[in-house]
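These protein sequence lines map, in sequence, to chains B and H.
Everything in the first sequence is counted per the numbering used here, starting at -18 for the first residue and increasing by one.
Everything in the second sequence is counted per the numbering used here, starting at -18 for the first residue and increasing by one.
Note that beta-carbon positions come from the ideal geometry of N, C-alpha and C, so glycine has one too.
Below is one structure, written out as structure tokens, with a few remarks after it.
Protein chains: 2
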Amino acid sequence: MFDTRDKSSMPLSPPALLSKLARRLMLSPSDQKALLAAASPPRHVAKGDHLIEEGQKTTSLVILCSGMARSLRTLEDGSQQIVAIFVAGEALNPGELMFPRSRTAISALTPATSLPIPLEKLNQLVSERPTIARALWWETAAQAAIQQEWMVWLGRRSASVRLAHLLCEVSYRLQAGDQDAKDAFDLPLTQHELADILGLSTVHVNRTLQVLRSRNLIELSRNRLTIRDKAGLYEIAEFDIQYLSGLKQLDAGESQNA
Amino acid sequence: MFDTRDKSSMPLSPPALLSKLARRLMLSPSDQKALLAAASPPRHVAKGDHLIEEGQKTTSLVILCSGMARSLRTLEDGSQQIVAIFVAGEALNPGELMFPRSRTAISALTPATSLPIPLEKLNQLVSERPTIARALWWETAAQAAIQQEWMVWLGRRSASVRLAHLLCEVSYRLQAGDQDAKDAFDLPLTQHELADILGLSTVHVNRTLQVLRSRNLIELSRNRLTIRDKAGLYEIAEFDIQYLSGLKQLDAGESQNA
DNA sequence: CGCAACATTGAACGGTATCAAGTATGGTGG
DNA sequence: CCACCATACTTGATACCGTTCAATGTTGCG
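Now the structure itself:
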């Protein structure tokens, strides 16, 4: 279940593809159906392929049905910074819908399946079904919240804290989307990619990983991460489960708001 | 016009207060009226006062009508990171509306005026007027875009680039909100606060400012910033006016989307 | 087998933090 | 108006974290 590679090679029916997103966004069955009806056929891409190009005109809302993806900004000097990662069940560009062009390139970290929903149809849907508009607005806000958390530790924390935090977050998001709370999962990121996310050099990521390993907090080899000491990892990461748990409180807290 | 301190001491009528936001969000006159009718009386606060407390229950959308504000995250060890700053005409918490509680504290950098709009009324408005919902969604996305830009330079750029970029951005946002393109404005941030934004130490901010001054790019004293060499500053900041100009293309590019 | 990508290690350099001290600046009460 | 104090700003010396460069080991794959 954790091996995202398997999923993409086994074509799922669109309803199955959508179910994860629906669960996250708490869409009603009728909204789900409507979304699905508006969607283009699902697209399967290989590892490394671009799901959205930088500067590309915004033509669809894209939902990641399986696999993992990253959002990348390239700077003039060639250095790059990964500004977001996505796991199955998340929308890739809810915020970009508001802009004429995409500001980042989004590419697949694993073989992946995406479900594009053309803007024209989406706009119609959104005006007919305010609950869908609200769900997308909410997804935009949730991603902004995650970004904000990234900012805090980019600005203020040491390499080991940043790395630990990232591992905690990915583990948490994978669980929230789909799986039971297992502590081992595929993490299809090279040390170079981790460095891009963390704003560190590859070499230093390597050394920092060794520190975490030597303290018996994690194992990581061949793209598979095992968390050996969850409490310990959370502690040095200063991982506050609260900030993401708002994602779950939606059904409880939102009913009055919606 | 640039001295935000004057504004707060001179109570403006609510319509005037809202006009900036309306211009930014491209709200129709009837939407503006409706928003205004839903709003509570404007609130005047002193420099340093909190507009929104950390962890406070989300009860209103708050619009900043005059002055400047900052959104602050405090870490367990006492260090803090400013994750956003706001100028007059911006909404303080469009994204937070989606969560039960506020994740940051927002406090006034200058004397300021805020216009709270209670959630119950807002929810009604939003369901009656999809354009308002869309405007708030858009504001959420715009703030996420700015945050993302911050992330990129927090992770990848040197102190002088970060500082220069921040100055460029503030200057740009002030102009976009209100003023003609003047190159001198009040910047009510201490070096300590700049450090919190930039993820640097106060001492290093000081030295970096001296570098910029010695290159004749800026003057900054007593909270007043003068940009002496705009082109030069933009250059070392690698300031890409594009990323924010999406904000302006809304009326051009959005009509087909909305 | 051999190549390419990834991972690991070491040494030297540099940017930024930290600590500590000193200098404006502005506001307050006498 | 002055003495005083608090806050902000400035400057220097030192230490550390993370980078860079360079070399070596490892894994997977055609």
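(request) Would you check if the segment 36 to 43 of chain H and the segment 52 to 66 of chain H touch, i.e. whether three or more CB-CB distances between them fall below 8 Å? (result) No, the segment 52 to 66 of chain H does not touch the segment 36 to 43 of chain H.
(request) Would you kindly report the start and end of the unbroken alpha helix (DSSP H) that includes leucine 190 of chain H? (result) Per DSSP, the continuous alpha helix (DSSP H) segment holding leucine 190 of chain H begins and ends at 183 to 195.
(request) Answer with yes or no whether the minimum CB distance from aspartate 232 of chain H to chain B is below 8 Å. (result) In this prediction, aspartate 232 of chain H scores a pLDDT of 34, lower than 50, which makes its location untrustworthy; the coordinate-derived value is nonetheless stated afterwards. Not one chain B Cβ lies under 8 Å of aspartate 232 of chain H.
(request) Could you tell me whether the Cβ atoms of alanine 27 of chain H and glutamine 128 of chain H are closer together than 8 Å? (result) Between alanine 27 of chain H and glutamine 128 of chain H, the CB-CB gap reaches or exceeds 8 Å.
(request) Report yes if the CB atom of leucine 8 of chain B is closer than 8 Å to the CB atom of leucine 106 of chain B, and no otherwise. (result) Contact: no.
(request) Drop a sphere of 10 angstroms on the beta-carbon of histidine 173 of chain B, count the other beta-carbons inside from all chains shown, and report buried for 16 or more, exposed for fewer. (result) Classification for histidine 173 of chain B: exposed.
(request) List the residues of chain B whose Cβ lies closer than 8 Å to the Cβ of glycine 76 of chain H, in chain order. (result) Per Cβ cutoff of 8 Å: Thr121, Ala122, Ala125, Ala126.
(request) Would you check if there are 3 or more beta carbon pairs closer than 8 Å linking the segment 21 to 35 of chain H to the segment 87 to 102 of chain H? (result) In short, these stretches touch, since the Cβ pair count reaches three.
(request) Check serine 60 of chain H in the structure and name its three-state DSSP category. (result) Serine 60 of chain H: coil per DSSP, three-state reduction.
(message) If we define contact as Cβ-Cβ less than 8 Å, is glutamine 129 of chain B a contact residue for chain H?
(response) It does; some Cβ of chain H falls within 8 Å.
(message) Buried or exposed, going by whether 16 or more other CB atoms sit within 10 Å of the CB of glutamate 101 of chain B?
(response) Looking at its Cβ environment, which holds fewer than 16 other Cβ atoms inside 10 Å, glutamate 101 of chain B is exposed.
(message) On the DSSP letters alone, give me the boundaries of the alpha helix (DSSP H) that arginine 279 of chain H sits inside.
(response) Nothing about residue 279 of chain H can be reported from this structure: the residues present for chain H run from -18 to 239 only.
(request) Decide yes or no for the touch test of the segment 178 to 188 of chain B against the segment 105 to 124 of chain B: beta carbon pairs closer than 8 Å, at least 3 of them. (result) At 8 Å Cβ cutoff, the stretches do not touch.
(request) Taking 8 Å as the threshold, find out whether the segment 146 to 155 of chain H comes into contact with the segment 138 to 151 of chain B through three or more Cβ pairs. (result) Too few Cβ pairs lie closer than 8 Å, so no.
(message) With a threshold of 8 Å between beta-carbons, can serine 60 of chain B be considered close to chain H, or not?
(response) Output row for serine 60 of chain B: interface = yes.
(message) Quick check: what's the CA-CA separation for methionine 49 of chain H versus alanine 165 of chain H?
(response) For methionine 49 of chain H and alanine 165 of chain H, the gap between their C-alpha atoms comes out near 16 Å.
(request) Answer yes if the segment 81 to 90 of chain B comes into contact with the segment 75 to 91 of chain H, meaning at least three C-beta pairs across the two stretches below 8 Å, and no otherwise. (result) Taking 8 Å as the limit for Cβ pairs, the verdict is that the segment 81 to 90 of chain B does not touch the segment 75 to 91 of chain H.
(request) Quick one: give me the first and last residue of the beta strand (DSSP E) that serine 202 of chain B is part of. (result) Where serine 202 of chain B is concerned, the enclosing beta strand (DSSP E) stretches over 199 to 202.
(message) With the cut-off set at 8 Å, would you say leucine 168 of chain B and leucine 201 of chain B are in Cβ contact?
(response) For leucine 168 of chain B and leucine 201 of chain B, yes; Cβs fall inside 8 Å.
(request) Pull out every residue of the segment 133 to 155 of chain B whose Cβ sits closer than 7 Å to any Cβ of chain H, in chain order. (result) Residues Val133, Leu135, Gly136, Arg137.
(request) Work out the CA separation of tryptophan 118 of chain B and arginine 209 of chain H for me, nearest whole Å. (result) Each residue's alpha carbon lies about 41 Å from the other.
(message) Run through chain B and tell me which residues come within less than 8 Å of alanine 114 of chain H, C-beta to C-beta.
(response) Per Cβ cutoff of 8 Å: Pro111, Ala114, Arg115, Trp118.
(request) Identify the continuous beta strand (DSSP E) that holds serine 95 of chain B and give its terminal residues. (result) Per DSSP, serine 95 of chain B belongs to the beta strand (DSSP E) from 93 to 99.
(message) Cβ closer than 7 Å: which chain H residues qualify as neighbours of serine 108 of chain B?
(response) The CB of serine 108 of chain B comes closer than 7 Å to the CB of Pro111 in chain H, given here in chain order.
(message) For leucine 16 of chain H, would you say it is in contact with chain B, using Cβ-to-Cβ distances shorter than 8 Å as the test?
(response) Judged by the 8 Å Cβ criterion, leucine 16 of chain H is not in contact with chain B.
(request) Please list the residues of the segment 65 to 98 of chain B that have a C-beta atom closer than 9 Å to any C-beta atom in chain H, keeping them in chain order. (result) So the list reads Ala65, Pro75, Gly76, Glu77, Leu78, Met79, Phe80, Pro81, Arg82, Arg84, Thr85, given in the order they occur along the chain.
(message) Less than 8 Å between the C-beta atoms of arginine 54 of chain B and isoleucine 87 of chain B, yes or no?
(response) Contact flag unset, no.
(message) In this structure, how does DSSP classify arginine 24 of chain B when only helix, strand and coil are distinguished?
(response) Reduced to three states, the DSSP call for arginine 24 of chain B is strand.
(request) Could you tell me the distance, in whole angstroms, from the CA atom of arginine 154 of chain H to the CA atom of valine 68 of chain H? (result) Separation of arginine 154 of chain H and valine 68 of chain H (C-alpha to C-alpha, rounded to the nearest whole angstrom) is 7 Å.
(message) Counting only Cβ pairs nearer than 8 Å, list the residues of chain B close to glutamate 57 of chain H.
(response) Glu219, listed in chain order.
(request) Given a cut-off of 8 Å, decide if isoleucine 199 of chain B and leucine 214 of chain B are closer than it, judged by their beta-carbon atoms. (result) Yes, these two residues count as a Cβ contact at 8 Å.
(request) Note down, in chain order, each residue of its chain lying with its Cβ closer than 7 Å to the Cβ of leucine 103 of chain H, except the 5 sequence neighbours on either side. (result) Leaving aside the five residues that flank leucine 103 of chain H on each side, the residues in its chain whose CB is nearer than 7 Å to its CB run, in chain order, Ala19, Leu42.
(message) Can you pull out the residues from the segment 24 to 55 of chain B whose beta carbon lies closer than 9 Å to at least one beta carbon of chain H?
(response) Within the segment 24 to 55 of chain B, the residues whose Cβ lies closer than 9 Å to some Cβ of chain H are Thr39, Ser52, Arg54, listed in chain order.
(message) Between which two residues does the beta strand (DSSP E) holding leucine 206 of chain H run?
(response) Per DSSP, leucine 206 of chain H belongs to the beta strand (DSSP E) from 205 to 208.
(message) Let's test the definition: count the other Cβ atoms within 10 Å of the Cβ of isoleucine 222 of chain H and tell me whether it reaches 16, buried, or not, exposed.
(response) It counts as exposed.
(request) Indicate whether at least one CB of chain B lies closer than 8 Å to the CB of lysine 229 of chain H. (result) Only weak support is given to the placement of lysine 229 of chain H: the predicted model assigns it a pLDDT of 40, under 50, and the value that follows is read from those uncertain coordinates. Cβ-Cβ to chain B under 8 Å: no for lysine 229 of chain H.
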